[in-house]
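Below you'll find the structure, written out as structure tokens, and then a few comments.
Residue numbers (my numbering): -17 to 133.
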């Protein structure tokens, strides 16, 4: 595996401490290094080194916030299931990645080939995203559900 400069990168094997560290950061990415070290029963240096390796190896792609649902009243969130024609999945995925309102894209099994998580700022924008997805060559069918509230 090589990085963007063409330098060969060493493959990093993740162990149970790495996985537990990632799980803790998913719960609260603001947790201090000291607190993580105490919870993991390792030194602060160990946590910092592992965190650096997880970032360098792209296991951790970034840190973000999760806002309370009551604060996100001006957004439309939805899940879209997408059926793809034949072997065009790769091309469809490439096109879908160009739509910024698709926050996440997942491959899946069963009737649907892909599941997209959509976030838009209005119903008009949401409608335009649906149209954009449905007009991509290779998209055979889709079904979308607006997420009303988290319970």
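Glycine is no exception: its CB is placed at the ideal position from the N, C-alpha and C atoms.
- Assignment of beta strand (DSSP E) within the segment 79 to 108, counting only whole runs of 3 or more residues, yields 84 to 89 and 96 to 102 in chain order.
- Here residue 119 is exposed. Its C-beta has fewer than 16 other C-beta atoms within 10 Å.
- Counting along the chain, residue 14 sits inside no alpha helix (DSSP H), nor does DSSP assign it H or E at all.
- In the structure shown, the three-state DSSP call for residue -2 is helix.
- Judged by their CB atoms, residue 122 and residue 66 are nearer to each other than the 8 Å cut-off.
- Around residue 11, the same chain offers 45 as residues with beta carbons nearer than 6 Å, after the five sequence neighbours per side are excluded.
- Excluding sequence positions up to five before and after residue 81, its CB lies within less than 8 Å of the CB of 111, 114 and 115, all in the same chain and listed in chain order.
- Counting other Cβ atoms within 10 Å of its Cβ, residue 64 reaches 16 or more and is therefore classed as buried.
- Taking residue 61 as reference, the option from 34, 41 and 96 with the minimal CA-CA separation is 96.
- If you look at residue 42, you'll find it isn't in any alpha helix (DSSP H); DSSP assigns it neither H nor E.
- Per DSSP, residue 129 is one residue of the beta strand (DSSP E) stretching across 121 to 129.
- Counting the other Cβ atoms within 10 Å of the Cβ of residue 32 gives 16 or more, which makes it buried.
- The beta-carbon distance between residue 107 and residue 86, rounded to whole angstroms, is 17 Å. This is too long to meet the 8 Å contact definition.
- Under a 10 Å Cβ-count criterion, residue -5 is classified as exposed, with fewer than 16 other Cβ atoms of the shown protein chains found around its own Cβ.
- For residue 88, the closest C-alpha among the options 103, 102 and 71 is that of 71.
- If you draw a straight line from the Cα of residue 40 to the Cα of residue 78, it is about 22 Å long.
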